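This report refers to the structure that appears directly beneath it.
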Amino acid sequence: MNRFVFGPVPSRRLGQSLGIDLTPTKTCTLDCRYCQLSRTIHHTASRGLFCDPAEVLAELRHVLGEIAAPDWITFSGTGEPTLHAGLGIILAEIKKLGVAPTCVITNSSLLGRSDVRADLCLTDRLLPTLCTVVPATFERLHRPAPGLHLPDILDGLRLLSGAFKGIIDLEVFVCPGINDGAAEIDGLREYIRSLPRLDSIYLNTAVRQPLERDIVAASPEELLAFRDALGLDLPVATAFEHTPLPRRVDRKPPPPRQGILDLLLRHPCTVDQLERVLNLPGGILLETLQTLEREGKVHVCPDGQWRLT
Ligand code: SF4
Numbered sequence: 033m034n035r036f037v038f039g040p041v042p043s044r045r046l047g048q049s050l051g052i053d054l055t056p057t058k059t060c061t062l063d064c065r066y067c068q069l070s071r072t073i074h075h076t077a078s079r080g081l082f083c084d085p086a087e088v089l090a091e092l093r094h095v096l097g098e099i100a101a102p103d104w105i106t107f108s109g110t111g112e113p114t115l116h117a118g119l120g121i122i123l124a125e126i127k128k129l130g131v132a133p134t135c136v137i138t139n140s141s142l143l144g145r146s147d148v149r150a151d152l153c154l155t156d157r158l159l160p161t162l163c164t165v166v167p168a169t170f171e172r173l174h175r176p177a178p179g180l181h182l183p184d185i186l187d188g189l190r191l192l193s194g195a196f197k198g199i200i201d202l203e204v205f206v207c208p209g210i211n212d213g214a215a216e217i218d219g220l221r222e223y224i225r226s227l228p229r230l231d232s233i234y235l236n237t238a239v240r241q242p243l244e245r246d247i248v249a250a251s252p253e254e255l256l257a258f259r260d261a262l263g264l265d266l267p268v269a270t271a272f273e274h275t276p277l278p279r280r281v282d283r284k285p286p287p288p289r290q291g292i293l294d295l296l297l298r299h300p301c302t303v304d305q306l307e308r309v310l311n312l313p314g315g316i317l318l319e320t321l322q323t324l325e326r327e328g329k330v331h332v333c334p335d336g337q338w339r340l341t
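Take the sequence shown: its position 152, counted from the start at 1, is 184 in this note's numbering, and no numbers get skipped.
Structural data, given as structure tokens:
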């Protein structure tokens, strides 16, 4: 069983994305009310060496030897990748492999730190999240670890967008009733206009039911209205503008049980998504899911997403 590397996962934004998860489940600087994984277990703003970079790189080399080259090697998973103090070393070593470009999905919370910004300058693509420029909304929505302050994050993202040479796609997670009011959108617009550079914006929402039931998804119309109100001269996509998921055809299927459990640890999925990612015949997939359900390891939610129990 791999400890750090998972996938490749077919992604609408990243094609075939091979994931790297650098932190223990679930270690995060934030405890977002819209999180789809779980409440944050290790809530910290302190960077650390959660695992040995050499072990991560050895596992990555091994996996890359078994699969076709992915479109992206993506740092994401069950927590915040910039918490790992060896992120820069790992990014530099992956660049030397010359197999695929790297992408870091970050909640932006540590961008006030110069060492984090220096590490991130070594990746090819950044997907930072920013949902609000209002401190009270930031606290309410994200429940940050002690020591994190929104003004530092906003300054850090501005500095990084000036220094970074790769692609920056900003994600805004829209929670109706929390960060979609006129004052919120006006503030975001002014802040985004103040950034030296940005390639695109992605308006996301709780398309999968978060664990906190009072968080609801924005409708397609609400996301389009948010986009219109932002009124930015940038490409802005929404979570409902679907391009088809790529299907992997050249990968040896993983052992069904382990493949399912590894994926659901990081990503609640429908049967269709599991089928695409794992490349398993539907019959084997359903049979394995039912066995795991009987064993109390997984369950299906009313929205059709399977999760670990
Ligand atoms: S930053 Fe991501 S992983 Fe962390 S709590 Fe928020 S949604 Fe969950």
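Glycine included, each C-beta is placed from N, C-alpha and C at the ideal position.
No experiment lies behind these values; they were computed from the predicted model shown.
- Apart from the 5 residues on each side of it in sequence, H181 has no Cβ closer than 6 angstroms to any other Cβ in its chain.
- Q305: member of the alpha helix (DSSP H) spanning V303 to L310, first to last residue.
- P334 counts as exposed, since fewer than 16 other beta carbons sit within 10 angstroms of its beta carbon.
- Residue burial annotation: V309 is buried, with at least 16 other C-beta atoms found within 10 angstroms of its C-beta.
- Collapsing the DSSP output to three states places Q241 in coil.
- Scanning its chain for C-beta atoms nearer than 6 angstroms, with the 5 sequence neighbours on each side dropped, one finds around H74 the residues T59, in chain order.
- Annotated as proximal: G109 and G51, with beta-carbon spacing under 8 angstroms.
- Residue side-chain check: D63 places its Cβ nearer than 7 angstroms to a non-hydrogen atom of the ligand SF4.
- The ligand SF4 has a heavy atom closer than 7 angstroms to the beta-carbon of E112.
- Distances taken from the Cβ of L191 to the heavy atoms of the ligand SF4 include none shorter than 7 angstroms.
- When beta bridges are read from the DSSP output, D201 appears opposite S232.
- Within the same chain, Cβ atoms closer than 6 angstroms to the Cβ of A77 are found at T61, A177, G179 and L180, the five residues on either side in sequence being excluded.
- For T57, the CB stays at least 7 angstroms from every heavy atom of the ligand SF4.
- For N139, the Cβ falls inside the 7 angstroms cut-off from some heavy atom of the ligand SF4.
- DSSP, read as helix, strand or coil, puts R149 in helix.
- Nearest to F82 by C-alpha distance, out of L297, G111 and I316, is G111.
- With a threshold of 7 angstroms, the Cβ atom of C207 does not count as near the ligand SF4, since no heavy atom of the ligand is closer than that.
- Taking the Cβ of C153 as the reference point, every heavy atom of the ligand SF4 lies at 7 angstroms or farther away.
- T323 carries a helical assignment under DSSP once its states are collapsed to helix, strand and coil.
- Secondary structure of I292 (DSSP, three-state): helix.
- In the three-state scheme derived from DSSP, where H, G and I count as helix and E and B as strand, I105 is classed as strand.
- Q337 is not a Cβ neighbour of P288, given a cutoff of 8 angstroms.
- In the three-state reduction of the DSSP assignment, T61 falls in the coil class.
- The Cβ atoms of L297 and L230 do not sit closer than 8 angstroms to each other.
- For I122, the number of other beta carbons within 10 angstroms of its own is at least 16, and it is reported as buried.
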